[in-house]
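> This structure is in structure tokens; I'll ask about it shortly.
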Amino acid sequence: MEKNLWQQVQLVRQQSPLVHNITNYVVMNNTANALLAAGASPIMAHAKSEIREMINIAHSVVINIGTLDEYWSESMLMAAETANAIHKPWVLDPVGAGATSFRDQILHQLLQFHPTVIRGNASEIIALAKINTTVTKGVDSTAESNDAVEAAQILVQQYNTIVCISGETDIILSPTQTIQIKNGHSLMTKVTGLGCSASALAGAFIAVAEDKAAGIAAAMSLLGIAGELAVRESKGPGSLQVNLIDKLYNMTEEEFTSHLKIEKS
Numbered sequence: 019m020e021k022n023l024w025q026q027v028q029l030v031r032q033q034s035p036l037v038h039n040i041t042n043y044v045v046m047n048n049t050a051n052a053l054l055a056a057g058a059s060p061i062m063a064h065a066k067s068e069i070r071e072m073i074n075i076a077h078s079v080v081i082n083i084g085t086l087d088e089y090w091s092e093s094m095l096m097a098a099e100t101a102n103a104i105h106k107p108w109v110l111d112p113v114g115a116g117a118t119s120f121r122d123q124i125l126h127q128l129l130q131f132h133p134t135v136i137r138g139n140a141s142e143i144i145a146l147a148k149i150n151t152t153v154t155k156g157v158d159s160t161a162e163s164n165d166a167v168e169a170a171q172i173l174v175q176q177y178n179t180i181v182c183i184s185g186e187t188d189i190i191l192s193p194t195q196t197i198q199i200k201n202g203h204s205l206m207t208k209v210t211g212l213g214c215s216a217s218a219l220a221g222a223f224i225a226v227a228e229d230k231a232a233g234i235a236a237a238m239s240l241l242g243i244a245g246e247l248a249v250r251e252s253k254g255p256g257s258l259q260v261n262l263i264d265k266l267y268n269m270t271e272e273e274f275t276s277h278l279k280i281e282k283s
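Position one of the sequence shown corresponds to residue 19 (my numbering), numbered consecutively onward.
In structure tokens:
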């Protein structure tokens, strides 16, 4: 499987898919740089007058509700509807799901357009499935990845989607398989927006991957391994952010395959 995942990394570098992001103010720069470093081409556009045209030329779409407002929510719904209608793969990042009724209302509407992938932390996935009660602390998770597996399974079945639960162990669930990835480092939680970067990378990888679950596994593995290796050269979160972007760009096959910690069932 290691070789297959590295082939996905190479595909992104070779094909440079155009990823249309409607994401939040906090992470625009970070996610654009992460996409560029991995070999993809980012575009950040949320004007309603150009959404449909942008999605027509993009290879995939990422919708991140982090800094949600009334205008952006309309753009997101238009983007999700368009992507679904023309069978363009798209990622939903349900940032802060469960925190407010406004977020939950918009998420409920977005889910009707059947995201190809849902990527969030355990608390967000649980809130999205509405099968449990948990305290959502901003965009940080108060639950572990394993706590959200049942919720993720419900979402997979209900929306025929792939769910990626981010955490110390990343768990990817599709209708046919479960993949666990145990890469990454705790210092990564001190850099804002790395989860958002994961969603953006997921968008790049599902744009080129025939097996979407393998594409998500490759994206999460790449980010986790890059974080592990970047920590070795970093003095704290500030330098980690810079070093991680460099490592996404410079990652070698030997580094990727020798550090990958993955289980499939």
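Using N, Cα and C, we set each Cβ at its ideal position, and we do this for glycine too.
Please report the distance separating the alpha-carbon of VAL153 from that of ALA145.
Locating residue 153 in the sequence shown gives position 135, where the first residue counts as 1. Locating residue 145 in the sequence shown gives position 127, where the first residue counts as 1. The pLDDT assigned to VAL153 is 41, lower than 50, so where the model puts this residue is not dependable, and the model offers no usable value.
> Between HIS38, ILE172, PHE274 and ILE69, which lies nearest to ILE143 when the distance is taken from Cα to Cα?
To locate residue 143, count along the sequence shown from 1; it is residue 125. Taking only the C-alpha atoms, the option nearest ILE143 is ILE172.
> Between GLY156 and ALA117, what straight-line distance do the alpha-carbon atoms span, to the nearest angstrom?
Numbered from its first residue, the sequence shown carries residue 156 at position 138. Numbered from its first residue, the sequence shown carries residue 117 at position 99. Per-residue confidence for GLY156 stands at a pLDDT of 45, beneath the threshold of 50, marking its modelled position as unreliable; the derived number appears in the next sentence. Distance between the alpha carbons of GLY156 and ALA117: 7 Å.
> Do you know offhand how far PRO255's Cα is from LEU241's?
Counting from 1 along the sequence shown, the entry for residue 255 is found at position 237. Counting from 1 along the sequence shown, the entry for residue 241 is found at position 223. PRO255 and LEU241: Cα-Cα distance of roughly 15 Å.
> With DSSP as the reference, label GLU168 as helix, strand or coil.
Taking the first residue of the sequence shown as position 1, residue 168 is located at position 150. DSSP places GLU168 in helix when its eight states are reduced to three.
> Buried or exposed, going by whether 16 or more other CB atoms sit within 10 Å of the CB of GLU272?
Within the sequence shown, residue 272 is the residue found at index 254, counting from 1. GLU272 comes out exposed.
> Taking all protein chains shown into account, do 16 or more other C-beta atoms lie within 10 angstroms of the C-beta of SER67, making it buried, or fewer, making it exposed?
Residue 67 sits at position 49 when you count from the first residue of the sequence shown. Label assigned to SER67: exposed.
> For VAL181, which beta-bridge partners are listed by DSSP?
Here residue 181 corresponds to residue number 163 of the sequence shown, with the count starting at 1. In DSSP, VAL181 forms a bridge with ILE136 and LEU191.
> Do ILE189 and ILE234 have their beta-carbon atoms positioned less than 8 Å apart in this structure?
Position 216 of the sequence shown, counting from 1, holds the residue named residue 234. Position 171 of the sequence shown, counting from 1, holds the residue named residue 189. No, they are not a contact pair.
> Compare the C-alpha of CYS182 against each of SER283, ILE124 and LEU191 and name the closest.
Against the sequence shown, residue 182 aligns to sequence position 164. Looking at the Cα atoms, LEU191 is the closest of the given residues.
> With a CB to CB cut of under 7 Å and the five nearest residues on each side skipped, what residues in its chain are close to LEU36?
If you number the sequence shown from 1, residue 36 lands on position 18. Only SER59, ILE61, ILE75, ALA76 and HIS77 meet the Cβ criterion.
> Return yes when the Cβ of THR210 is within less than 8 Å of the Cβ of VAL45, no when it is not.
Locating residue 45 in the sequence shown gives position 27, counting from the first residue. Locating residue 210 in the sequence shown gives position 192, counting from the first residue. In this structure, THR210 lies closer than 8 Å to VAL45 by Cβ.
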